[in-house]
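There are 2 protein chains.
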Amino acid sequence: MENAINRQFYLHQRPAGMPSTSDVRRRDAAIPRPRDGEVLIRNRYFSLDPAIRGWMSDTPSYLPPIPLGQAITSTTLGDVVQSRHPDCREGDVVYGLNAWEDFSAAPGSYLMKVPPENRFPLHYYLSVFGAVGMTSYFGILEAGKPRPGETVLISAAAGAVGSVAGQIAKILGCRVVGLAGTDAKCRWITDDLGFDAAINYRDCGPLTEAIAGACPEGVDVYFDNVGGAILDAALMNLKDHARIVFCGAISGYNAAEPVPGPYNWWQILARSVTVQGFLVSNHVAQFPQGVARMSEWVAAGRIRFQEQIVDGFENTLAAFLTLFDGTNTGKLIVRVVPD
Amino acid sequence: MENAINRQFYLHQRPAGMPSTSDVRRRDAAIPRPRDGEVLIRNRYFSLDPAIRGWMSDTPSYLPPIPLGQAITSTTLGDVVQSRHPDCREGDVVYGLNAWEDFSAAPGSYLMKVPPENRFPLHYYLSVFGAVGMTSYFGILEAGKPRPGETVLISAAAGAVGSVAGQIAKILGCRVVGLAGTDAKCRWITDDLGFDAAINYRDCGPLTEAIAGACPEGVDVYFDNVGGAILDAALMNLKDHARIVFCGAISGYNAAEPVPGPYNWWQILARSVTVQGFLVSNHVAQFPQGVARMSEWVAAGRIRFQEQIVDGFENTLAAFLTLFDGTNTGKLIVRVVPD
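Protein sequence lines correspond, in order, to chains B and A.
Mapping to this note's numbering: the first sequence position 76 is 76, numbers consecutive.
Mapping to this note's numbering: the second sequence position 155 is 155, numbers consecutive.
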């Protein structure tokens, strides 16, 4: 191994609020030895996602909390450097849930492979073809079930998930309105991505009225990435039989106190709304078909997306924090090994 | 008309908290004249339901708020005494959304008829065959979609909706656990109605753990009538892909301040839960089939239910308040005209 050190970021203590270098620390660890059925991966890229913050807490979620002392769970993409699984070979490029470390050992059956005929940059498999893009794709299609002519409202609409979900809804013939936190983001989703309207929720006056103005007939599908006050305003604008794709709740991820659910919870009953908790992990078996369809749209220029690639393992934690302070734009990826 | 006075309870001012006689007042009004397409009904029974409290407020809901000065909206059952609708005749017994008053004028097309071959007491059409029984029936079947062997948890399980929903789930082959607020209610649903277990939520210690004890494999369907802390405890016990039938939220109906939604909202995402806001009004066209199937179960003794019939128009408001103080048991009905 040309690099005999396995650098890691690991969980030293559970953060209260935003994670700091006291909570998530660096160390040099041994390179793991793959067990039978596992492969050893040299990680090239880390995918930085808001959900990782949740796994640092010890509240029950869809993944178990990261144990103290263990490397931070994260989707990574890398090269197989040693294989003890019959379906993986040295040189395969794989991606899956590993950790912020140079080398990961993982069960071969849990990993997805970049197809050999791939003609896109590898990091697309952590963004538009990865869990993020598949969240947009299956979230809007299978949980949102939008019909042509319906109104789709999307929060964090300039984010990696929301921006792609909105473009898919446009391809399906919907009217799409996005919520974002700066005028520049609003311009990007309308002028570059083709959203029908955008609302800067920091600068629009009362949000419930602003949404009503942009969605005068009401909202058929609300694709929610943020929860909190924005969800509450959206709830006041739903049409009967609306669908909420509950895809994330980033507004509460760093809260030290329990965060209340939506105050306008009652509207879910009053409007016969369906709320679907959406986890892309339920759709992993369908990823190849999702990647195939998205590949066509990306190649045709119908789906555009932003990536923000940060170079250097050592910048991982600092980059991660930008997910929560509003400075990040586009799918955030750390490049560990230069291309 | 043998009774020339039309007694009414009307909304004088919107209540803050529990409605009092300052908010909901009595008066004698004129008997309304049915317009073309309407019928005049002499009301025999009023159905008192928690949802009426919501209609007294001016927050948006599935029905418009009751205008100030107008009689309190309520389902009633009565005799057609004059008809200007081709499908209704004098002497028909009809039920529908009218008001707390002796005489109501209503569009004939909005009313449902007690079938001429009926062999049950008339007030059953405000309880087990009425909106309440149909809420149980369509709520558990169409929103809950329970499968044999699944675990169904029901709040307000000794209430009119919950007790019948639980018995239907038993008929379908589910394991059914009920939450109720007294030991007597708990004994009734287990010993008389056949629920598998009951939890007295006032006297069980931490509720999340109590539910876990009664539902060791987790909850597949949560039929919620109450919201609040009980919903939060239920949310911590859901299985993946659980369904929540959001049928009511009585814990918040009298709140003067905005009530937060569930603190454990995140579990809806983490467990890929579907929340279905359920309004029986979406199923009115299916009522005849629901009444037919329920009639068989009631006649066979497979569905049992409690009614609490209060005599006398003048007792309507006081009876209504017992819905919120825990003293009511069974579907609450006011008998305006002696049988």
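Every residue, glycine too, gets a C-beta built ideally from N, C-alpha and C.
Computed from a predicted structure; not experimentally measured.
Excluding sequence positions up to five before and after leucine 207 of chain B, its CB lies within less than 6 Å of the CB of Tyr201, Ala233, all in the same chain and listed in chain order. DSSP places glutamine 267 of chain A within a helical segment (H, G or I) once states are collapsed to three.
In the three-state DSSP reduction, leucine 68 of chain A falls in the coil class, being neither helix nor strand. Beta-carbon to beta-carbon, valine 291 of chain B and phenylalanine 46 of chain B are separated by about 20 Å, too far to satisfy the 8 Å threshold. One finds Tyr62, Phe246, Cys247, Gly248, Ala249, Gly277, Phe278, Leu279 in chain B with Cβ atoms closer than 8 Å to the Cβ of leucine 269 of chain A, taken in chain order.
Interface criterion not met: the Cβ of threonine 73 of chain A is under 7 Å from no Cβ in chain B. Taking a contact to require three or more Cβ pairs closer than 8 Å, the segment 125–132 of chain A and the segment 101–108 of chain A do not qualify as touching.
Of the residues A:Arg84, A:Ser74, A:Ile66, the one whose Cα lies closest to the Cα of proline 34 of chain A is A:Arg84. As for any alpha helix (DSSP H) of minimum length 4 sitting wholly inside the segment 204–259 of chain B, the runs are 207–214, 228–235, ordered along the chain. Methionine 294 of chain B and glycine 149 of chain A have their C-alpha atoms some 40 Å from each other. Closer than 7 Å to the CB of glycine 261 of chain B there is at least one CB belonging to chain A.
In the structure shown, the three-state DSSP call for arginine 26 of chain A is strand.
Residue pairing by DSSP places arginine 42 of chain A opposite A:Asp79, A:Phe103 in a beta bridge. For the pair of segments examined, the segment 41–58 of chain A was found not to touch the segment 323–338 of chain B: the number of CB pairs separated by less than 8 Å stays below three. The beta carbon of alanine 29 of chain A is closer than 6 Å to those of Asn6, Gln8 in its chain, skipping five residues each way along the sequence.
Between alanine 198 of chain A and alanine 165 of chain A, the alpha-carbon positions lie close to 14 Å from each other. For alanine 160 of chain B, there is no enclosing beta strand (DSSP E); the enclosing alpha helix (DSSP H) covers residues 160–171. Shown here, aspartate 311 of chain A sits in a strand according to DSSP, grouped into three states.
Close partners of tryptophan 55 of chain A in chain B (Cβ separation under 8 Å) are lacking, with about 11 Å as the shortest Cβ gap. Under the 10 Å beta carbon count, histidine 241 of chain B is surrounded by fewer than 16 other beta carbons and is classified as exposed.
Excluding the 5 residues flanking it on each side, histidine 283 of chain B has same chain C-beta neighbours closer than 6 Å at Phe138, in chain order. With respect to chain B, the C-beta atom of valine 273 of chain A has a partner C-beta closer than 7 Å.
One finds Tyr263 in chain A with Cβ atoms closer than 8 Å to the Cβ of proline 258 of chain B, taken in chain order. Under the 7 Å criterion on CB atoms, asparagine 282 of chain A is classed as interfacial with respect to chain B. Aspartate 79 of chain B sits close to arginine 42 of chain B, with the two beta carbons spaced by under 7 Å. According to the DSSP secondary-structure assignment, serine 295 of chain A is paired through a beta bridge with no residue. By the neighbour-count definition (other C-beta atoms within 10 Å, threshold 16), threonine 21 of chain B is an exposed residue.
Between valine 39 of chain B and glutamine 82 of chain B, the beta carbon gap of about 7 Å places them in contact (Cβ cut-off 8 Å).
In the DSSP annotation of this structure, the continuous segment of the alpha helix (DSSP H) that includes arginine 53 of chain A starts and ends at 51–55. Per the C-alpha coordinates, the member of B:Glu314, B:Ile211, B:Ser163, B:Ile230 positioned closest to isoleucine 189 of chain B is B:Ser163. Only residues of its own chain outside the window of five on either side were considered, and among them Leu77, Met112, Tyr125 have a CB closer than 6 Å to the CB of tyrosine 95 of chain A, listed in chain order. Around proline 67 of chain A, the same chain offers Leu11 as residues with beta carbons nearer than 8 Å, after the five sequence neighbours per side are excluded.
Inclusion of alanine 160 of chain A and valine 177 of chain A in the CB contact set at 7 Å is not warranted, their separation being larger than that value.
Cβ contact annotation for lysine 170 of chain B (same chain, cutoff 6 Å, sequence separation greater than five): Val176, Gly194, in chain order. If the five residues before and after leucine 97 of chain B are omitted, its C-beta is found closer than 6 Å to the C-beta atoms of Thr75, all from its own chain and listed in chain order.
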